[in-house]
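Participant:
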Amino acid sequence: MQQSTLLLPLLLLLATNSARSQPFDYPAANLSTIWTNDESLKHNVSYPDGSTIRALLLRGSFGQSFAFGFYCSTSSCTSFILCLCLVYTNSGSYITKPMQAPPQVLWSPNRSRPVREKASLHLTSNGDLILYDADSTVVWSTNTSGLAVSGLNLTLNGNLILFNRNNIPVWQSFDHLTDTLIVGQSLKLGQRLTANSSTTNSTESSLYFTLLSDGLSAFIDSNPPQMYYHSSVKGSQNITYSNGSLVFSPNGESISLPSAPSMQYMRFEFDGHLKVYSWTDASGWSIIGNVFAGSIVDDCGYPTVCGAYGICSGGQCSCPANGSTPFFDQVDGRQPNLGCKLKTPLSCQALQNHQLLTLNNVSYFNYVDSSAKIHSIKTEAACKLACLTNCPCKAAFFQYGGDISDGSCYLLTQVFSMRNNVPDVSHYNSSAYIKVQVNPSPPSLTTGERSSNLAIILGSVFGGLVVVSLVACIVLVVWRRKMASELEEDDEFDQVPGMPARFSFEELRIATENFSKKLGQGGFGSVFEGELADGVKVAVKRLDEIGQGKKEFLAEVQTIGSIHHIKLVRLIGFCAEKTYRLLVYEYMPNGSLDKWIFHASKADDLDWNTRRRIITDIAKGLSYLHEECRQRIAHLDIKPQNILLDEHFNAKVSDFGLSKLIDREQSQVMTRMRGTPGYLAPEWLTSIITEKVDIYSFGVVVMEIVCGRKNLDYSQPEESMHLVRQLQKFIQESKVEDLVDSHSHDMQLHKKEVVEIIWLAMWCLQADSSRRPLMSEVVKVLEGSISVEHELDFDFLSSTPAVAPNAKYWSDSAPMMDSVLSGPR
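Quick look at the structure:
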């Protein structure tokens, strides 16, 4: 009995040691598994830097291993992200904690929305992987319920996979990028790596790295996004990260990177660098390469190095200054790299107090993007004027080589870090013109002015008597002038703050060579090619007699002149002289979209990448009108004739002649039917509309772009006459790909991608307007950040019931005049 008593502790000790010697190599999980984020999790490891990993799955081996679990970066551990990390394991596959190897976060689905202690991860019986916070709020889900998922697996190359009974991936983390690429992982066309906000803040920042049709690019997100890095490789569908290179497919080109004998990964950092990390037992994780180093020579070339409005010089940050008047303060005097702020914020209500602060030898990172410059502006004076007369413009940059009359103009709606420019090094000249607000001081009275006050008072008494005697005469004169002729009205109309540039009729007559070069007819007038005195090429629209007063015309020009976006045709100026009404627009050399997609000739054929870019440009322009202006603007006449193309086939929305302003508090408005047959949404039959009628029209235009034909084409057989109705038929017959433009070999080569865009068009064509996406969602689909909706109603033409008219649905403001806001057509 005594021997048994002595033997029991020994057996317990052996059992405990045996359990501890079990290697933690548990890479998979079955359905109906729940993990709770607390200290009860077996594999809870804290590191010397204060971070903690609570591993749920691990691919164990000696050295660096992949772990999936809850991670916190600070010793307080008040918030956690679910992550796939690299951790160091010993020969027994235990997670250890050497000083040089805290966990390296490679992927996290909730980095912008951390969870707390007692959060839980559920692998449900329906095959969905769901992350709940401690209060049972759903934070993230794979949305794979009902897709025949059999289990969860962490692969040898660090890919977290939900697989079916045939071991085929249903969902995988490799398809859902954050800020990091692992060896073997690919970046597909339109996908992004998005940087963290800082080393301690894992929320998404505004910096992203992406693969576009013309190569790799890095941007800072603004309106529009501003590029700071580009590597031109055309025709690639994806790039794959391998040890020592980034390989483009299908063309096989590559970018060389440092190779390493051990584990490595690539991270897009919070400061905009794309760095390659490698592990060595001697020093832990270290940086072995910077992908952008060959193109961006130093830190001053990155958009956030000195914060907003900051100027970088030799790694030092300062605020813009020129002369004795300080217009800027540092955001934090102790941290100059946080940027600068205007002492007086810019106000669109006081445009007369806007000035441009000249900064010589200052350049901007966005020069790398040739499409960002305003191609119609070649001179410094025109560049400055364009910014000063457009309220959203915050700065103008002018870059030129040897000829100052042939430069490049960049207009920015948001200003990030600038840098001092050394012409001998950069081989170009550059100046910045930063818009500032001047507060005029009230004039002070001089001694002479004070002494004259008494005389003024006395004189006013006598003057009052004189005024009374003159009133009758003035009334008579005014009446006679009014009755004489509208043609004799006073042309001395002072410049209204916020207006685009004002031209005289004679200036525009000379610019257009007496209106001799006609570009087109339509939209309440004719459009003529012209060239201003400073060499800027323009399109001048001469409106027909419209019976509109000068003040009303000017008021509406002021409205459209305040709208500024790179995807909208820019209104440069106007003329309101006697009965003349003219609008001056930027010149778009490739004309309207319709002549390029309806196959006038084989030479006009557009490839798939160009068509896709045009679709994206239109979506961005409409997103701005609908969601980013003070009042929502419904265009109401979206069609290929109103989409203009510049010399690089960048598309811009034109012709606002039928547009309508919608107050933010209004859900919808009632208005008379307007627009073009073939592009009208079903709800026009009720006259109660929202800006979503534009989204329906956009869907029609997308179909026309990818199919290469008009929606209503009376030259077709009767059964094919209506493209949208034909789409309904082909959906039912599972022959959607047969609609892809048969005239274009390139479109046929990209059928799979085109069909996905047709699904986007069908989402926009939903007869029920509430089921259509927002234009911002359309942009995200096109950029690859969200997926297109596939649960759709394929009856695109039936109208929805109207809401009974109510006072709140009626617009209190009149629609924009049917002529004034017309762009060049």
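Reading the sequence shown from the start, the letters are residues -21 to -1, 1 to 804 in mature numbering (1 follows the signal peptide of the UniProt record, and there is no 0). From the three backbone atoms N, C-alpha and C, an ideal C-beta is built for every residue, glycine too.
Check whether the segment 512 to 520 touches the segment 484 to 492, counting contact only when three or more Cβ pairs, one atom from each stretch, lie closer than 8 Å.
Facilitator: Enough Cβ pairs lie closer than 8 Å, so yes.
Participant: Thr178 to Phe249, Cα distance in whole Å?
Facilitator: As a working mapping, residue 178 is identified with position 199 in the sequence shown. As a working mapping, residue 249 is identified with position 270 in the sequence shown. The straight-line gap from Cα to Cα measures roughly 7 Å.
Participant: DSSP three-state call for Gly273: helix, strand or coil?
Facilitator: Walking along the sequence shown from the start, residue 273 turns up at place 294. Coil, per DSSP.
Participant: Express the C-alpha separation of Asn138 and Gly130 in angstroms, rounding to a whole number.
Facilitator: Translated into positions along the sequence shown, residue 130 becomes position 151. Translated into positions along the sequence shown, residue 138 becomes position 159. About 14 Å.
Participant: Measuring alpha carbon to alpha carbon, tell me which of Tyr412, Asn180 and Gln205 ends up nearest Tyr187.
Facilitator: On the sequence shown, residue 187 is found 208 positions in, with the first residue counted as 1. Comparing Cα positions, the closest option is Gln205.
Participant: Exposed or buried, which one is Tyr564 when buried takes at least 16 other CB atoms within 10 Å?
Facilitator: Position 585 of the sequence shown holds residue 564. Tyr564 comes out buried.
Participant: Exposed or buried, which one is Asn629 when buried takes at least 16 other CB atoms within 10 Å?
Facilitator: Looking up residue 629 in the sequence shown gives position 650. By the 10 Å Cβ count, Asn629 comes out buried.
Participant: Could you check if Gly654 is buried or exposed, using at least 16 other CB atoms within 10 Å of its CB as the buried criterion?
Facilitator: Walking along the sequence shown from the start, residue 654 turns up at place 675. Buried, by the Cβ-count rule.
Participant: Would a C-beta distance cut-off of 7 Å place Leu85 and Leu108 closer than the cut-off?
Facilitator: On the sequence shown, residue 85 is found 106 positions in, with the first residue counted as 1. On the sequence shown, residue 108 is found 129 positions in, with the first residue counted as 1. No; because the gap between Cβ atoms is not below 7 Å, this pair is not in contact.
Participant: My understanding is that Asn69 touches Phe45, with C-beta atoms under 8 Å, so please give their C-beta distance in whole angstroms.
Facilitator: If you number the sequence shown from 1, residue 69 lands on position 90. If you number the sequence shown from 1, residue 45 lands on position 66. Going by Cβ atoms, the distance from Asn69 to Phe45 rounds to 16 Å, so no, they are not a contact pair.
Participant: Given this structure, state the Cα-to-Cα distance separating Thr123 from Phe142, to the nearest angstrom.
Facilitator: Here residue 123 refers to the residue found at position 144 when the sequence shown is read from its first residue. Here residue 142 refers to the residue found at position 163 when the sequence shown is read from its first residue. Using only the alpha carbons, I get a separation of about 10 Å.
Participant: Confirm, please, whether the CB-CB distance from Leu601 to Ser638 is below 7 Å.
Facilitator: Taking the first residue of the sequence shown as position 1, residue 638 is located at position 659. Taking the first residue of the sequence shown as position 1, residue 601 is located at position 622. No. Outside cutoff.
Participant: Three Cβ pairs or more, each shorter than 8 Å: is that satisfied between the segment 660 to 670 and the segment 611 to 626?
Facilitator: The segment 660 to 670, when compared against the segment 611 to 626, does touch it at the 8 Å Cβ threshold.
Participant: Quick check on this structure: which residue in Asn132, Ser495, Tyr26 and Asn175 has the alpha carbon closest to the alpha carbon of Asn89?
Facilitator: What you label residue 89 is simply residue 110 of the sequence shown in a count that begins at 1. Ranking Asn132, Ser495, Tyr26 and Asn175 by Cα distance to Asn89 puts Asn175 first.
Participant: Would you give the residue range spanned by the beta strand (DSSP E) that Pro148 belongs to?
Facilitator: Your numbering for residue 148 matches position 169 in the sequence shown. Pro148 to Gln151 is the span of the beta strand (DSSP E), which, as asked, contains Pro148.
Participant: Could you tell me the alpha carbon to alpha carbon distance between Pro780 and Gly657, rounded to whole angstroms?
Facilitator: Within the sequence shown, residue 780 is the residue found at index 801, counting from 1. Within the sequence shown, residue 657 is the residue found at index 678, counting from 1. Model confidence at Pro780 stands at a pLDDT of 37, short of 50, so the residue's coordinates are unreliable and nothing is read from them.
Participant: Under a Cβ-count criterion, where at least 16 other Cβ atoms within 10 Å of its own Cβ denotes burial, should Tyr603 be classed as buried or exposed?
Facilitator: By one-based count along the sequence shown, residue 603 stands at place 624. That one is buried.
Participant: Are the Cβ atoms of Leu702 and Met682 separated by less than 7 Å?
Facilitator: For the purposes of this step, residue 702 is taken as the residue at position 723 of the sequence shown. For the purposes of this step, residue 682 is taken as the residue at position 703 of the sequence shown. Cβ distance < 7 Å, so Leu702 and Met682 count as in contact.
Participant: Give me, in chain order, the residues of the same chain whose beta-carbon lies closer than 6 Å to that of Tyr379; leave out the 5 immediate sequence neighbours on both sides.
Facilitator: Start at 1 with the first residue of the sequence shown, and residue 379 comes out as number 400. For Tyr379, where only same-chain residues beyond five positions count, the Cβ hits under 6 Å are Gly386 and Asn408.
Participant: Do His627 and Ser350 have their CB atoms nearer than 7 Å?
Facilitator: In the sequence shown, residue 627 corresponds to position 648, counting from 1. In the sequence shown, residue 350 corresponds to position 371, counting from 1. In contact: His627 and Ser350 (Cβ atoms closer than 7 Å).
Participant: What residues match up with Cys388 in a beta bridge as DSSP calls it?
Facilitator: Here residue 388 corresponds to residue number 409 of the sequence shown, with the count starting at 1. Paired residue(s): Phe377.
Participant: For a test of the three-state rule: what should DSSP assign to Cys51, helix, strand or coil?
Facilitator: Along the sequence shown, one-based indexing puts residue 51 at 72. Looking at Cys51 - three-state DSSP - the assignment turns out to be strand.
Participant: Apart from the five residues on each side of it in sequence, which residues of its chain come closer than 7 Å, Cβ to Cβ, to Ser54?
Facilitator: Against the sequence shown, residue 54 aligns to sequence position 75. The residues are Gly29.
Participant: Is the CB-CB distance between Thr337 and Tyr412 below 7 Å?
Facilitator: Here residue 337 corresponds to residue number 358 of the sequence shown, with the count starting at 1. Here residue 412 corresponds to residue number 433 of the sequence shown, with the count starting at 1. For Thr337 and Tyr412, yes; Cβs fall inside 7 Å.
Participant: Considering only the alpha carbon of each residue, which of Asn369, Gly570, Phe484 and Gly251 lies closest to Ala555?
Facilitator: Start at 1 with the first residue of the sequence shown, and residue 555 comes out as number 576. For the residues Asn369, Gly570, Phe484 and Gly251, the minimum Cα distance to Ala555 belongs to Phe484.
Participant: Measure the beta-carbon distance from Arg591 to Ile737 and round it to whole angstroms, keeping in mind my assumption that it falls under 8 Å.
Facilitator: Indexing the sequence shown from 1 puts residue 591 at position 612. Indexing the sequence shown from 1 puts residue 737 at position 758. Wrong, their Cβ atoms sit about 12 Å apart, outside the cutoff.
Participant: Which one or two residues does DSSP pair with Arg591 in a beta bridge?
Facilitator: Numbered from its first residue, the sequence shown carries residue 591 at position 612. Paired residue(s): none; Arg591 is not in a bridge.
Participant: Should Lys21 go down as buried or exposed, given a rule of 16 or more other Cβ atoms within 10 Å for buried?
Facilitator: Within the sequence shown, the letter at position 42 stands for residue 21. It counts as exposed.
Participant: Between which residues of its own chain and Leu761 is the CB-CB distance below 7 Å, once the five residues before and five after are set aside?
Facilitator: What you label residue 761 is simply residue 782 of the sequence shown in a count that begins at 1. Ile594, Thr595 and Ala598, listed in sequence order.
Participant: Determine, using beta carbons only, whether Gly125 comes closer than 7 Å to chain D.
Facilitator: Judged by its chain identifiers, the structure shown contains no chain D, having just a single protein chain.
Participant: Throw me the rounded Cβ distance for the Arg704 and Leu776 pair, which I believe falls under 8 Å.
Facilitator: Position 725 of the sequence shown, counted from the start, is the residue given in the question as residue 704. Position 797 of the sequence shown, counted from the start, is the residue given in the question as residue 776. Right, their Cβ atoms sit about 7 Å apart.
Participant: Take every Cβ of the segment 92 to 99, pair it with every Cβ of the segment 278 to 288, and state whether three or more of those distances are shorter than 8 Å.
Facilitator: Cβ pair count under 8 Å is below three, so no.
Participant: On the three-state DSSP scale, how would you describe Ser185?
Facilitator: The count along the sequence shown starts at 1 and reaches residue 185 at position 206. Three-state DSSP puts Ser185 in a strand.
Participant: Only counting runs of 3 or more residues, tell me where the beta strand (DSSP E) segments fall wholly within the segment 209 to 258, in order along the chain.
Facilitator: Complete beta strand (DSSP E) runs here, min 3: 217 to 221, 224 to 228, 233 to 235 and 243 to 247.
Participant: Going by CA-CA distance only, name the one from Arg38, Ser11, Thr31 and Cys279 that's closest to Tyr5.
Facilitator: By 1-based counting over the sequence shown, the position of residue 5 is 26. Of Arg38, Ser11, Thr31 and Cys279, the residue nearest in Cα terms is Arg38.
Participant: Using the beta-carbon count (16 or more within 10 Å), is Lys213 buried or exposed?
Facilitator: Taking the sequence shown and counting its residues from 1, the one referred to as residue 213 is at position 234. Exposed, because fewer than 16 other Cβ atoms sit within 10 Å of the Cβ of Lys213.
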